[in-house]
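Chemist: In the numbering used here, the protein residues as written are 21 to 191. Provided herewith is a single structure, encoded as structure tokens, for subsequent inquiry.
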Ligand SMILES: CC(C)(COP(=O)(O)OP(=O)(O)OC[C@H]1O[C@@H](n2cnc3c(N)ncnc32)[C@H](O)[C@@H]1OP(=O)(O)O)[C@@H](O)C(=O)NCCC(=O)NCCS
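Here is the structure:
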């Protein structure tokens, strides 16, 4: 399956130099990717992680953008989606301006992760993407572990400081 959306860059989407805001493009990418993930999951999805977001070329006022999303990998409840964004010239020629990988989790009516149908890669490109997706997943999970450990350390430090202040107040 492939989800495609099209946008024209309007005045409200650009900065003072008539360049597209990166955040605006990220929103368009997120929506396109989420539609692709929902179509695969046949359920609601939530964005769990975004990475490998590469801005390859600038985009300007009045440019026409074509965003194409495709599932690259599935786990038990998670779905990775690649989105490629092209600037389309009036003659139809397309230039790749952004590539991004989003990780969604399929959720039930209570917001809890639910299982998805496995994606079956076909052909050398999809097989290569699948292998790369496994490497990205390992990296993401390691990052999540590190972030959680850091958050716990910060909490412990904040608690120790609170306790120190409390003990000092008692004297
Ligand atoms: C994403 C979310 C539903 C995961 O819930 P959870 O209780 O942590 O569930 P699990 O740990 O079982 O993870 C579910 C799946 O997501 C994957 N996952 C979750 N966070 C991940 C991350 N940072 N990187 C890679 N994979 C991740 C898990 O590996 C698992 O995949 P699998 O079932 O295919 O093996 C939960 O963290 C959440 O609701 N986050 C907020 C999402 C949100 O609000 N997004 C909008 C952004 S504003």
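Backbone N, C-alpha and C fix where the C-beta goes; we use that ideal spot for every residue, glycine too. Keep in mind it's a predicted model, so treat the numbers as computed, not measured.
I think residue 104 touches residue 93, with their Cβ atoms under 8 Å apart; what is that distance to the nearest whole Å?
Modeler: Not quite, the Cβ-Cβ distance comes to about 16 Å (not below 8 Å), so this is no contact.
Chemist: Determine which residues share a DSSP beta bridge with residue 26 and list them.
Modeler: Answer is 86, bridged to residue 26.
Chemist: Are there any heavy atoms of ligand 2 lying less than 7 Å away from the beta-carbon of residue 98, as far as the coordinates show?
Modeler: Of the ligands one can find in the structure shown, namely ligand 1, none is ligand 2.
Chemist: Taking residue 35 as the reference, give the member of 64, 95, 81, 190 with the closest Cα.
Modeler: It is 81 whose Cα lies nearest to the Cα of residue 35.
Chemist: Which residues mark the beginning and the end of the beta strand (DSSP E) in which residue 126 is found?
Modeler: Where residue 126 is concerned, the enclosing beta strand (DSSP E) stretches over 114-127.
Chemist: Quick check: is any heavy atom of ligand 1 less than 7 Å from the C-beta of residue 68?
Modeler: Residue 68: yes, Cβ under 7 Å from ligand 1.
Chemist: Short of 8 Å in beta carbon distance, which residues of its chain neighbour residue 58, apart from the five on each side in sequence? Order them along the chain.
Modeler: Same-chain partners within the cutoff: 64, 65.
Chemist: Taking 8 Å as the threshold (C-beta atoms), are residue 123 and residue 69 in contact?
Modeler: Their beta carbons are under 8 Å apart, which means residue 69 touches residue 123 by this criterion.
Chemist: For residue 136, collect the residues of the same chain with a Cβ closer than 7 Å to its Cβ; drop the 5 residues on either side in sequence, then sort them by chain order.
Modeler: Cβ within range, chain order: 60, 61, 94, 97, 99, 126.
Chemist: Quick check: the Cα distance between residue 67 and residue 184, rounded to an integer number of angstroms?
Modeler: Rounded to whole angstroms, residue 67 to residue 184 spans 39 Å at the Cα level.
Chemist: Please report the distance separating the alpha-carbon of residue 76 from that of residue 118.
Modeler: In a straight line, the C-alpha of residue 76 is about 5 Å away from that of residue 118.
Chemist: Taking only three categories from DSSP, how would you classify residue 63?
Modeler: DSSP places residue 63 in coil when its eight states are reduced to three.
Chemist: Provide the residue(s) that pair with residue 133 in DSSP beta bridges, ordered along the chain.
Modeler: Paired residue(s): 127.
Chemist: By how many angstroms is the C-alpha of residue 89 removed from the C-alpha of residue 203?
Modeler: The requested residue 203 is not part of the displayed model; the chain covers only 21 to 191.
Chemist: Going by DSSP in three states, residue 80 sits in which element: helix, strand or coil?
Modeler: Strand.
Chemist: Among the residues of its own chain, which have a CB less than 6 Å from the CB of residue 38, if the five just before and after it don't count?
Modeler: Only 80, 81 meet the Cβ criterion.
Chemist: Let me confirm a value: residue 165 is counted as buried when at least 16 other C-beta atoms fall within 10 Å, else exposed. Which label applies?
Modeler: Exposed, because fewer than 16 other Cβ atoms sit within 10 Å of the Cβ of residue 165.
Chemist: Any heavy atom of ligand 1 closer than 7 Å to the beta-carbon of residue 170?
Modeler: Because no heavy atom of ligand 1 lies under 7 Å away, the Cβ of residue 170 does not count as near it: no.
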